[in-house]
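Trainee: First, the structure itself, so that you have it in front of you.
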Amino acid sequence: MSNIAVCARFRPLSTKERRDDGDSICIQCLDSDTFTFKDEKEGNSTFTFDRVFYENSEQAQVYDFLALPIVQDAVKYTNGTIITYGQTGAGKTYSMEGPGILESDDQKKGLLPRVVDGIFECIKSSKNANKYSVKLSMVEIYMERVRDLFDLAKDNIQIMENKSQGILLNGITEVSIKDPGEALQSLASGIANRAVGETQMNITSSRSHCVYIFTLQQELKKDNRSRTSKLVLVDLAGSEKVEKSGAEGRVLEEAKSINKSLSALGNVINALTSGSSVKTNHIPYRDSKLTRILQDALGGNSRTALLCCCSPSPSNAPESLSTLRFGARASHIKASPRVKCNEDKSAKKHGTPPSPDKDESCERILNELQKRLDEEDVNLLEELFILEGIFFDPNSEEELELALEDVTLKTIVSLKQAVEELACEVKELKNENKALKDEITRVKVSDAKFVKTGEASSVVPRILGLCSFFSVSWFESFLPLSR
Ligand SMILES: Nc1ncnc2c1ncn2[C@@H]1O[C@H](COP(=O)(O)OP(=O)(O)OP(=O)(O)O)[C@@H](O)[C@H]1O
Ligand SMILES: [Mg+2]
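One point on numbering: in full-length UniProt numbering, the residue at position 200 of the sequence shown is 200, and numbering is uninterrupted.
Okay, structure coming up:
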């Protein structure tokens, strides 16, 4: 089963689309999750998603279906991610924020303000925690740099990976929020710093990918353990055809950067959904800041929802079709979200990976327990096994590969050194050998002279001199030759 819920949303036709194409649309609703898409070139295709929100859909419906279950799970310590994807002007920011983040019309409020309300409601109704805290961070990925929207001086945040907490943004500002009102004010101040520009496709086009991170921390009543989960919302910048959006100069550079990172995202989705085993595939998360930040969301360390936003207009049919195909592909990603707990994990390092036998036994026990206990208990046990180094953490596979590479490299370097040392020794031995041969030749020559001239008395002391010059063992093997 896929852990990514994929929905499609069609916004109403824009004034420009109505002016250019009248009221015609390229979709035909079949039911709440299936529709036929009509394209002049490619003909009719039928798409099925977890849910389809048509032009007259309400913001509340999108929240209730797509986001609420993720918010509820985040309060139960499961990481969650909600992503809006689609062509420029397709309604991503509208779905995320509404007409404005401080929108007072309850009907038009977007996902963000509803998520904020949902977090506080769920925390208050949950009776498990003694204490809780909610923190908010906001970054944008603009021209392949991660910028802190709460502190513009931090304009090149580094992305790091931590075994227990997953992907981390080093040194980002975290604002504590006590209630929904405070959260909205903080969101508004961050959004005001986001890069927005005007294009022919959208007068308020997002020129960056915006990432909203809610960190929920709770101290549980039953064991005073502290748990942290992350709820991440991502409003992507839209893909655009520059000839349509009229981009030039800086806007063109932005468009290229946006398209490049979206294509990296497409490659990651392709890698995650192609081949028989994801484990043996290389997933190119590191090809862009966007895919690196979304690594947890796509790689299984999060419960994830993707909202594919589209225009219903035939004039945008090729772009909508491409968005829908992206969504269809993403719906095939298979992974299961993992519960994260923020206890001091750094104190306990993983040892060497356990033997496969031990690993298999642990898995068998976990499967047995799964039948008897509820999911949360099993997840906790699994986490404990991983912490104790009993159970092999699949997330650390990449780290193991790196460690192996490291050992291999070190071995190669020491082998090269040994070869070099050997080469030096061989060279020295050759020189010694040459010196010996020269000496033999010299002795032979003077020996011949002696035979001729009868100077026998000088030969013996010369040979004895050679004996002291060379090792005895070598001389012993050499002696018969000189006789
Ligand atoms: N469901 C909707 N109902 C009413 N208006 C909508 C809806 N979706 C989008 N719009 C309007 O369409 C326009 C473009 O929407 P939006 O800014 O959300 O696009 P986007 O996908 O974020 O584009 P970009 O990638 O350029 O940022 C806005 O004027 C917005 O108000
Ligand atoms: Mg936008």
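Idealized CB from N, CA, C, for every residue including glycine.
(1) For GLU140, which three-state DSSP category applies?
(2) Can you say whether LYS230 is buried or exposed, counting buried as having 16 or more other CB atoms within 10 angstroms of its CB?
(3) Between ALA255 and ligand 1, is the CB less than 6 Å from at least one heavy atom?
(4) Can you give me the Cβ contacts of SER45 inside the same chain, cut-off strictly under 6 Å, excluding the 5 residues immediately before and after it?
(5) Would you check if there are 3 or more beta carbon pairs closer than 8 Å linking the region 320 to 333 to the region 243 to 261?
(6) Hey, how far is the Cα of LEU168 from the Cα of THR228?
(7) Looking at the unbroken beta strand (DSSP E) that takes in LYS212, where does it start and where does it end?
(8) Contact between the region 115 to 129 and the region 260 to 269: three or more CB pairs below 8 Å?
(9) If you draw a straight line from the C-alpha of THR323 to the C-alpha of ALA297, how long is it?
(10) By the DSSP assignment, the alpha helix (DSSP H) with residue 484 in it spans what residues?
(11) Determine which residues share a DSSP beta bridge with MET160 and list them.
(12) Can you tell me whether LYS340 is buried or exposed, with buried defined as 16 or more other CB within 10 angstroms of its CB?
(13) Look at the alpha carbon of TYR63 and the alpha carbon of ALA129, and state the distance between them as a whole number of angstroms.
(14) Report the residue from LEU252, GLN295, GLU240, ARG250 whose alpha carbon sits nearest the alpha carbon of ASN267.
(15) With DSSP as the reference, label ILE83 as helix, strand or coil.
(16) Check for me: the alpha helix (DSSP H) holding ARG9 runs from which residue to which?
(17) Taking 6 Å as the cut-off, does the CB of SER206 come closer than this to any heavy atom belonging to ligand 2?
(18) Measuring only the C-alpha atoms, how far is ARG145 from ASN156?
(19) Answer with buried or exposed for ASN433, where buried requires no fewer than 16 other C-beta atoms within 10 angstroms of its C-beta.
(20) Is the Cβ-Cβ distance between PHE120 and MET138 less than 7 Å?
(21) Report the option in ARG11, CYS308, HIS209 whose CA atom is closest to the CA atom of PRO99.
(22) Helix or strand or just coil, what does DSSP make of CYS467?
(23) DSSP puts GLY232 in a beta bridge; with which residues?
(24) So, for LEU152: in the same chain, excluding its five sequence neighbours on each side, which residues have a beta-carbon less than 7 Å away from its beta-carbon?
(25) Which one or two residues does DSSP pair with SER104 in a beta bridge?
(26) Residues in the same chain with beta-carbon distance under 6 Å from ASN304, minus the five sequence neighbours each way, listed in chain order, please.
(27) Secondary structure at ASP39, three-state DSSP: helix, strand or coil?
(28) May I ask you to verify whether the region 194 to 214 touches the region 46 to 63, counting CB pairs closer than 8 Å and requiring at least 3?
(29) So, is LEU252 buried or exposed, given that buried needs 16 or more other C-beta atoms within 10 angstroms?
(30) Anyone know if the C-beta pair for THR88 and GLY197 falls short of 7 Å?
(31) Answer yes or no: the CB of TYR63 versus the heavy atoms of ligand 1, is any distance below 6 Å?
(32) Mind checking ALA347: buried by the 16 CB within 10 Å criterion, or exposed?
(33) Between THR15 and the rest of its own chain, which residues show a CB-CB distance below 6 Å, the 5 nearest in sequence each way excluded?
(34) So the alpha helix (DSSP H) ILE293 belongs to, where does it begin and stop?
Mentor: Taking the definition as stated:
(1) Against the sequence shown, residue 140 aligns to sequence position 140. Of the three classes helix, strand and coil, the one that applies to GLU140 here is strand, per DSSP.
(2) The sequence position of residue 230 within the sequence shown is 230, counting from 1. Result: buried.
(3) In the sequence shown, counting from the first residue as 1, residue 255 sits at position 255. Every heavy atom of ligand 1 is 6 Å or more from the Cβ of ALA255, so no.
(4) Reading the sequence shown from its first residue, position 45 is the one you call residue 45. Excluding positions up to five away in sequence, the list reads PHE37.
(5) no
(6) For this step, residue 168 is matched to residue 168 along the sequence shown. For this step, residue 228 is matched to residue 228 along the sequence shown. If you take the alpha carbons of LEU168 and THR228, they lie about 13 Å apart.
(7) To locate residue 212, count along the sequence shown from 1; it is residue 212. Rather than Lys, the amino acid found at residue 212 in this sequence is Tyr. It spans 209 to 220 - the beta strand (DSSP E) in which TYR212 sits, taken as one unbroken run.
(8) no
(9) Locating residue 323 in the sequence shown gives position 323, where the first residue counts as 1. Locating residue 297 in the sequence shown gives position 297, where the first residue counts as 1. So the alpha carbons of these two residues sit roughly 19 Å apart.
(10) An answer regarding residue 484 cannot be provided, because it is not within the stretch 1 to 483 covered by the chain.
(11) Taking the first residue of the sequence shown as 1, we reach residue 160 at position 160. Under DSSP, the beta-bridge partners assigned to MET160 are LEU168.
(12) For this step, residue 340 is matched to residue 340 along the sequence shown. For LYS340, the predicted structure reports a pLDDT of 49, less than 50, and the residue's modelled location is therefore unreliable. A value from the coordinates is still provided. Classification of LYS340: buried, given that the 10 Å Cβ count is 16 or more.
(13) Counted from its first residue, the sequence shown places residue 63 at position 63. Counted from its first residue, the sequence shown places residue 129 at position 129. Each residue's Cα considered, the two are about 25 Å apart.
(14) Working through the sequence shown from its first residue, we reach residue 267 at position 267. Checked all of LEU252, GLN295, GLU240, ARG250; the closest Cα to ASN267 is GLN295.
(15) In the sequence shown, residue 83 corresponds to position 83, counting from 1. If DSSP states are grouped into helix, strand and coil, ILE83 belongs with the strands.
(16) The sequence position of residue 9 within the sequence shown is 9, counting from 1. First-last for ARG9: 4 to 10, but that is the beta strand (DSSP E), not the alpha helix (DSSP H).
(17) Within the sequence shown, numbered from 1, the residue matching residue 206 stands at position 206. It does: the Cβ of SER206 is within 6 Å (strictly closer) of some heavy atom of ligand 2.
(18) Translated into the one-based positions of the sequence shown, residue 145 becomes position 145. Translated into the one-based positions of the sequence shown, residue 156 becomes position 156. So the two alpha carbons sit approximately 5 Å from each other.
(19) In the sequence shown, the residue the question calls residue 433 occupies position 433. It counts as exposed.
(20) One-based indexing of the sequence shown puts residue 120 at position 120. One-based indexing of the sequence shown puts residue 138 at position 138. For PHE120 and MET138, no; Cβs fall outside 7 Å.
(21) Sequence index remark: in the sequence shown, residue 99 carries index 99 (1-based). Out of ARG11, CYS308, HIS209, ARG11 has the C-alpha closest to the C-alpha of PRO99.
(22) Position 467 of the sequence shown holds residue 467. Its pLDDT being 48, under 50, CYS467 is placed unreliably by the model, and the measurement read from it follows with that caveat. Here CYS467 sits in helix by DSSP.
(23) If you number the sequence shown from 1, residue 232 lands on position 232. This sequence places Val at residue 232; Gly is not what is there. The partner list for VAL232 (beta bridge, DSSP) reads THR81, ILE213.
(24) Counting from 1 along the sequence shown, the entry for residue 152 is found at position 152. Same-chain partners within the cutoff: ASN193.
(25) The residue you call residue 104 lines up with position 104 of the sequence shown. DSSP, once it has assigned bridges, lists no residue as partnering SER104.
(26) Locating residue 304 in the sequence shown gives position 304, where the first residue counts as 1. Looking at the sequence provided, one finds Thr at residue 304 rather than Asn. Around THR304: ILE4, THR81, ALA297.
(27) Residue numbering aside, residue 39 sits at position 39 when the sequence shown is read from its first letter. Strand.
(28) Verdict: no, contact absent.
(29) In the sequence shown, counting from the first residue as 1, residue 252 sits at position 252. The residue in question, LEU252, is exposed, as its Cβ has fewer than 16 Cβ neighbours within 10 Å.
(30) Locating residue 88 in the sequence shown gives position 88, counting from the first residue. Locating residue 197 in the sequence shown gives position 197, counting from the first residue. With a cutoff of 7 Å on beta-carbon distance, THR88 and GLY197 are scored as not near each other.
(31) On the sequence shown, residue 63 is found 63 positions in, with the first residue counted as 1. Checking the Cβ of TYR63 against ligand 1 gives no.
(32) Against the sequence shown, residue 347 aligns to sequence position 347. With a pLDDT of only 32 at ALA347, under 50, the local geometry of the prediction cannot be trusted, and the value read off the model is given with reservation. By the neighbour-count rule (16 or more Cβ atoms within 10 Å), ALA347 is not buried but exposed.
(33) What you label residue 15 is simply residue 15 of the sequence shown in a count that begins at 1. Excluding positions up to five away in sequence, the list is empty.
(34) Residue numbering aside, residue 293 sits at position 293 when the sequence shown is read from its first letter. Segment 289 to 293, the alpha helix (DSSP H) holding ILE293.
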